[in-house]
Amino acid sequence: MKAPGKIQITVWLLGLAGAALFTVLLIRQGAPQVGAAFASAGWAIAAVVIYHLAVPVLLDAAAWWVLFPRSDRLPLRKLFWMRWIGESVSTLVPSAAVGGDIVRARLASINGAPVPVAAGSVLVDVTLGVFTQAGFTVLGLALLVGVTGQKNFVRPTLVGT
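Read left to right, the sequence shown gives residues -8 to 152 (the numbering used here).
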């Protein structure tokens, strides 16, 4: 049996610290009040979580899956997991929102994709995401101008001032 490494011990310690912090926050906020909030939401809370988390991550994973060459394509289930981990890192760690993409490339290479393919697929995925977001921004501005007739906010929005 292999002895646990420093990273594995660190993961367990950080997991325990996170669980302890969650418990402290739950106690400070009042466990009955938190339970009542979840109870009042009922099963709708599960639908909200699935809609806002699982569906976009699954679609993003499917888009990333398409970017891999057929010979190096990883299973969609694994890419879904990697995408979820990457999104979590980008959201939780102050890494200028690119830390998760680096983690995704590393996870893909660990799971069998050649390093250039893993890095390239993530780079193309991020680039396509930026262009898609820019397109949606321009479309949203056009629709907003069409509905309101106001044009004074278009330039500051596009320039960023």
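Every residue, glycine too, gets a C-beta built ideally from N, C-alpha and C.
None of the values given here were measured: they were computed from a predicted structure.
Status (buried if at least 16 other CB within 10 Å, exposed otherwise) for residue i
i      : result
Gly137 : exposed
Leu77  : For the record, residue 77 in the displayed sequence is Gly; it is not Leu. So Gly77 ends up on the buried side.
Leu65  : buried
Ala35  : exposed
Gln20  : exposed
C-beta contact flag for residue i and residue j at 7 Å
i      : j      : result
Trp56  : Leu70  : yes
Val106 : Arg95  : no
Ala99  : Ala109 : yes
Val115 : Leu67  : no
Asp63  : Ala10  : no
Val117 : Asp92  : yes
Leu132 : Val145 : yes
Same chain, Cβ closer than 7 Å to residue i, five either side skipped, listed in chain order
i     : result
Asp51 : Arg74
Cutoff 8 Å; reference residue i; Cβ partners in own chain excluding five residues on either side
i       : result
Leu4    : none
Val25   : Leu17
Met(-8) : With a pLDDT of only 49 at Met(-8), under the threshold of 50, the placement of this residue in the model should not be trusted, and no figure is reported.
Asn102  : Leu65, Lys69, Met73
Gln(-1) : none
Among the options, nearest to residue i - alpha-carbon criterion
i      : options                     : result
Leu119 : Ala54, Val46, Pro60         : Ala54
Ala125 : Val150, Pro23, Pro85, Val15 : Val150
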